[in-house]
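Single-structure report; data block below.
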Amino acid sequence: MLRISQMALGIGGVLLMLGSAQAAQHAIELHQVNAQGTGDSVGSVMLEDTEYGLLLTPDLAGLDPGMHGFHVHMNPSCQPSKQGGETVPGGAAGGHYDPENTGTHQGPYGDGHLGDLPVLMVDKDGNATTPVLAPRLEVSDLEGRALMVHAGGDNYSDEPKLGGGGKRVACGTWSQ
Ligand SMILES: [Cu+2]
Ligand SMILES: [Zn+2]
Numbered sequence: 000m001l002r003i004s005q006m007a008l009g010i011g012g013v014l015l016m017l018g019s020a021q022a023a024q025h026a027i028e029l030h031q032v033n034a035q036g037t038g039d040s041v042g043s044v045m046l047e048d049t050e051y052g053l054l055l056t057p058d059l060a061g062l063d064p065g066m067h068g069f070h071v072h073m074n075p076s077c078q079p080s081k082q083g084g085e086t087v088p089g090g091a092a093g094g095h096y097d098p099e100n101t102g103t104h105q106g107p108y109g110d111g112h113l114g115d116l117p118v119l120m121v122d123k124d125g126n127a128t129t130p131v132l133a134p135r136l137e138v139s140d141l142e143g144r145a146l147m148v149h150a151g152g153d154n155y156s157d158e159p160k161l162g163g164g165g166k167r168v169a170c171g172t173w174s175q
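First residue of the sequence shown: 0, per numbering that gives the first Met the number 0; consecutive thereafter.
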């Protein structure tokens with residue numbers, strides 16, 4: 000946990016030095032997800048192409064403090080799905096974006112799901128403002144996808160399942 004946190008802080012420092020790039024940008028608004036669909040807005044995430052990859056700058060509030068799994072999911076929907084008779088909030092977004100069908104969750108620096116992003120850090124007041132960098136992605140990759148925040152963290156491996164993020168708590172799509 001400590002190592003991932005230090006790595007994220009280091010990347011944050013590097014990003015501050017990058018300055019403002021004249022590149023593709025797009026903002027995605029995220030909403031809480033529940034059994035009925037979507038709830039209150041929790042803010043937005045700005046996407047920006049840089050020479051080091053996709054920069055995601057969150058401006059989010061009302062989340063639980065700590066680290067949260069953060070991914071690009073396959074489908075442009077934040078609606079619930081039914082799985083084995085149970086309603087799964089945000090389930091219609093499908094699995095982690097994996098165009099190469101790797102079938103493995105290895106985080107942003109691995110060779111698995113392309114949609115695996117660095118963990119989202121939420122401060123003690125419930126705000127997330129620390130940027131993260133996803134070196135394998137660009138802004139256009141999120142078109143027609145969903146951006147998802149999970150209840151738990153992410154250890155960038157298949158054990159526990161999908162890095163341990165568990166429940167889906169906030170979601171946004173490109174055009175929402
Ligand atoms: Cu996810
Ligand atoms: Zn994954």
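Backbone N, C-alpha and C fix where the C-beta goes; we use that ideal spot for every residue, glycine too.
- For Tyr108 against Pro134, the beta-carbon gap comes to about 7 angstroms, under 8 angstroms, which counts as contact.
- Restricting attention to His67, His25, Ala26, the CA atom closest to the CA of Met120 is found in His67.
- In the DSSP secondary-structure assignment, Asp140 is not bridged to any residue.
- Inside the segment 41-94, DSSP marks whole beta strand (DSSP E) runs of 3 or more residues at positions 52-59, 65-67, 69-72, 80-82, 85-87, from first to last along the chain.
- By the Cβ rule, the segment 129-147 counts as touching the segment 48-57, because three or more pairs are nearer than 8 angstroms.
- Taking all protein chains shown into account, Pro88 has 16 or more neighbouring C-beta atoms within 10 Å of its C-beta and is therefore buried.
- In this model, Pro57 and Asp124 are separated by some 15 angstroms (Cα to Cα).
- Proximity to Gln82 across His72, Gly93, Asn126 peaks at Gly93, based on C-alpha coordinates.
- Taking a contact as a CB-CB distance under 8 angstroms, the pair Val44 and Ala26 counts as one, their CB atoms being some 7 angstroms apart.
- Of the residues Phe69, Leu46, Leu62, the one whose Cα lies closest to the Cα of Tyr155 is Phe69.
- With distances taken between CA atoms, Met73 lies nearest to Glu142 out of Lys160, Glu158, Glu142, Leu62.
- Annotation for Asp110: Thr101 place their beta carbon closer than 7 angstroms to its own, counting only its chain and skipping 5 residues before and after.
- His104 has its CB nearer than 6 angstroms to a heavy atom of ligand 2.
- With contacts defined as CB atoms closer than 7 angstroms, Asp157 and His104 qualify as a contacting pair.
- Taken in chain order, the unbroken stretches of beta strand (DSSP E) that lie wholly in the segment 102-172 and span 3 residues or more are 119-121, 131-133, 145-149, 167-172.
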